[in-house]
Amino acid sequence: MLNVMVLFGSKSVEHDISIITGVLSVNTLDGIFNIIPVYISKNGEWLTDKRFKSLYFFKKGDYSRCKKVTFLCGSNIMYEVKRGKLKNPVKIDCALNCTHGVNGEDGMISSLCQSYNVPLASPDAFCSSFAMDKERTKIVLKGLGIKSLPYVSLTKKEFLDKVDLNQKIKPLNFPIIVKPASLGSSIGITLAKTAEELSEALKKAFKYDDKVIIEKALSFFTEINCACYFDGQKTIVSECEKCENNSRILSFSDKYESSIPREFPAKIDKILSDKIKKISQKIYEACRFRGIIRIDYLIDKEQVYVNEINTVPGSLAYYLFCDTFSDFAFLLEKTCRNAINEQKENLRDYTYISNVLNGSFNNKK
318 MLNVMVLFGS
328 KSVEHDISII
338 TGVLSVNTLD
348 GIFNIIPVYI
358 SKNGEWLTDK
368 RFKSLYFFKK
378 GDYSRCKKVT
388 FLCGSNIMYE
398 VKRGKLKNPV
408 KIDCALNCTH
418 GVNGEDGMIS
428 SLCQSYNVPL
438 ASPDAFCSSF
448 AMDKERTKIV
458 LKGLGIKSLP
468 YVSLTKKEFL
478 DKVDLNQKIK
488 PLNFPIIVKP
498 ASLGSSIGIT
508 LAKTAEELSE
518 ALKKAFKYDD
528 KVIIEKALSF
538 FTEINCACYF
548 DGQKTIVSEC
558 EKCENNSRIL
568 SFSDKYESSI
578 PREFPAKIDK
588 ILSDKIKKIS
598 QKIYEACRFR
608 GIIRIDYLID
618 KEQVYVNEIN
628 TVPGSLAYYL
638 FCDTFSDFAF
648 LLEKTCRNAI
658 NEQKENLRDY
668 TYISNVLNGS
678 FNNKK
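Each position in the sequence shown, counted from 1, maps to that position plus 317 in the working numbering.
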């Protein structure tokens, strides 16, 4: 039976949401593969324990008896760290990234898995890193000819140096939305209608990030979600989901601590639904995403704007594809096996014979 490592937790403000996604995935895949749950603590330690199958365990928060684990670069062997020595080696055949936010979803886990030669059933480092940064996402989308909301960016240094905010936001005008550039789950996001509110919104956002984006706020809009994954042959695109947000920004509490009404499939015009699905597929394929992603849209009348790309969506967006957990298990199994097969097919030869070290280097590149 293949050993599949499920990674979750991490040093992120979305740490607790990641635990829910991770435990769900661990239990869904249990029995299909030999599942090795790896929890990344808030201080960055990698731990494993059979008790990680239960959310109740994490409510207690006692990790003193959990095993610390690590890898050596270039090897897909995971070791238990015991009294400063590496013990009990286990080969990892595939990994599933269930971390949300920075220090995980941002490309860190993808890069580590690549350096460990572990196939990853999630987006690669390039896709993960640009999608985590809202400004870089907009730059990529612009290159693809896909709309996102008008914006300006502002660094913490500019803010502390008392940059002229009125001049900075002149292309937008109030009301505007202030967002930390690299956070998800609506953390640190604020609507500002005046210069005073903008200043307070920036102070709040800069608690979480050293760069923010400021977008033109829409007065009346609909929030639509659409997900994609690769089944080994083609891109599978979900039906659209509508969030009943009443044209307001959903907070962290709205998303995870309340029951926001959701309509699935969304009762929207078929032409609009098809357009959103077509854009989702274009993004997924043009950027060569892998694993399950969810793309969030803002609809203003006939205009479709991409709001953000979630490379590790909450609960891996299973509810947009599956009616039952057995269906979800089949989907996750397929993405894991695809990752293993693709790594075998894409093995590269990094060996190139040259005379550079024999004195032929001319200091040019």
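From the three backbone atoms N, C-alpha and C, an ideal C-beta is built for every residue, glycine too. The model shown is predicted, which means the values in this text are computed figures rather than measured ones.
Do you know whose CA, among the options, lies nearest residue i's CA?
i	options	result
Ile560	Lys594, Arg400 and Tyr614	The sequence shown places Cys at residue 560, rather than the Ile named in the question. Out of Lys594, Arg400 and Tyr614, Tyr614 has the C-alpha closest to the C-alpha of Cys560.
Thr365	Tyr373, Phe375 and Ile353	Ile353
Ile409	Asn351, Lys384, Trp363 and Val629	Asn351
Asp526	Tyr396, Glu532, Pro497 and Tyr433	Pro497
Ala407	Lys651, Tyr396 and Glu625	Looking at the sequence shown, residue 407 is not Ala but Val. Answer by Cα proximity: Tyr396.
Ser536	Glu513, Ala512 and Asn490	Asn490
Phe547	Lys451, Gly608, Thr511 and Leu515	Gly608
Ile463	Tyr635, Lys661 and Glu625	Glu625
Following the continuous beta strand (DSSP E) through residue i, name the residue where it begins and the one where it ends.
i	result
Met395	Ile394 to Lys399
Ala509	Thr507 to Ala509
Gly326	Asn320 to Gly326
Thr387	Lys384 to Phe388
Cys639	Looking at the DSSP string, Cys639 is not in any beta strand (DSSP E), and its letter there is neither H nor E.
Tyr546	Thr539 to Phe547
Leu615	Ile610 to Asp617
Ile553	Thr552 to Val554
Just to confirm before moving on: does the CB-CB distance between residue i and residue j stay below 8 angstroms?
i	j	result
Gly326	Ile357	yes
Pro582	Cys557	yes
Ile504	Val323	no
Leu612	Ser590	The residue you asked about is not Leu; residue 612 is Ile in the sequence shown. In this structure, Ser590 does not lie closer than 8 angstroms to Ile612 by Cβ.
Ser465	Leu413	no
Ile657	Val621	no
Ser638	Ser555	Inspection of the sequence shows that residue 638 is occupied by Phe rather than by Ser. Their beta carbons are under 8 angstroms apart, which means Phe638 touches Ser555 by this criterion.
Leu633	Thr338	yes
Lys520	Thr472	no
Lys399	Glu362	no
Pro492	Val469	no
Ile541	Ile616	yes
Cys604	Val435	no
Ser499	Asp441	no
Leu461	Ile600	yes
Which value, in whole angstroms, describes the spacing of the CA atoms of residue i and residue j?
i	j	result
Asn344	Ser427	22 angstroms
Ala534	Ala509	9 angstroms
Phe538	Ser439	31 angstroms
Asn420	Lys455	21 angstroms
Glu683	Asn672	The question about residue 683 has no answer here: the residues shown for the chain are numbered 318 through 682.
Phe642	Gly631	15 angstroms
Leu482	Asn627	30 angstroms
Ile588	Gln484	39 angstroms
Asn405	Ala448	36 angstroms
Val623	Arg382	44 angstroms
Tyr373	Pro467	44 angstroms
Ile394	Phe388	6 angstroms
Lys459	Lys377	46 angstroms
Phe369	Gly549	30 angstroms
Asp571	Asp333	Its pLDDT being 48, under 50, Asp571 is placed unreliably by the model, and nothing is read from it.
Leu664	Gly418	29 angstroms
Ile486	Leu346	48 angstroms
Tyr380	Asp423	25 angstroms
Cys444	Leu437	13 angstroms
Lys618	Ile531	22 angstroms
Asp586	Phe476	43 angstroms
Ser432	Ser371	30 angstroms
Phe645	Ile336	18 angstroms
Lys328	Leu429	15 angstroms
Cys415	Glu513	38 angstroms
Glu602	Cys543	14 angstroms
Asn320	Lys651	15 angstroms
Phe569	Gly401	Note that Phe569 scores a pLDDT of 48, beneath 50, so its modelled location is shaky and nothing firm can be said.
Lys474	Thr511	22 angstroms
What do you get for residue i, buried or exposed, if any count of 16 or more other CB atoms within 10 angstroms of its CB means buried?
i	result
Ile506	buried
Asn675	exposed
Phe606	buried
Glu517	exposed
Lys551	exposed
Arg654	buried
Pro578	exposed
Lys359	exposed
Cys390	exposed
Asp478	exposed
Glu580	exposed
Met318	exposed
Ser575	Residue placement at Ser575 cannot be trusted, given a pLDDT of 49 that sits under 50; the coordinates are not used to answer.
Quick one: give me the first and last residue of the alpha helix (DSSP H) that residue i is part of.
i	result
Leu515	Ala512 to Ala522
Val343	His332 to Leu346
Ala412	No alpha helix (DSSP H) contains Ala412, which is instead part of the beta strand (DSSP E) from Cys411 to Asn414.
Cys430	Met425 to Ser432
Leu477	Lys473 to Leu477
Gln598	Lys587 to Ala603
Ala455	For the record, residue 455 in the displayed sequence is Lys; it is not Ala. Residues Lys451 to Gly460.
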